[in-house]
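Numbering (our numbering), first residue to last: -12 to 108.
We put the beta carbon where it would ideally sit given N, CA and C, even for glycine.
Computed from a prediction, not measured in an experiment: that's the story for all the values here.
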């Protein structure tokens, strides 16, 4: 019983002091001229799912180190992309500035995308 309490306390302390990278959660663009909304859900387990108009189109894994995010997905021939995270507007908006990415389609799409944090209702 004591061993279980000690382990539980240690896990809770680790979770409490692990810094939130600020990225976890749902992010979306404003509607485009055509009315399309692009979004990404970044999960705490370092996976993400992207969608257009609530329909999934890609998923993958990410890692964050300092202000850089490294992305790997099944699309783009498994090329890894590295982007600088630029939070602004009280950290409720986000741009991903390309640092290196061999996938031209993803690089061009990310370069012109601004995401806003979706507030929980």
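### Contacting residues, own chain, Cβ-Cβ under 8 Å from residue -10 (five flanking each side not counted)
Reliability fails at residue -10, whose pLDDT of 40 lies under 50, so the model's placement of it is uncertain and the value that follows must be treated cautiously. Answer for residue -10: no residue qualifies.
### Query
Is residue -2 buried or exposed, if buried means 16 or more other CB atoms sit within 10 Å of its CB?
The pLDDT assigned to residue -2 is 37, lower than 50, so where the model puts this residue is not dependable, and the model offers no usable value.
### Query
Going by Cα to Cα distance, which pick from 51, 50, 36 is closest to residue 44?
36
### the stretch 27 to 34 touching the stretch 57 to 67, judged by at least three CB pairs closer than 8 Å
no
### Message
Out of 81, 26, 73, 38, which one is the CA nearest neighbour of residue 54?
### Response
73
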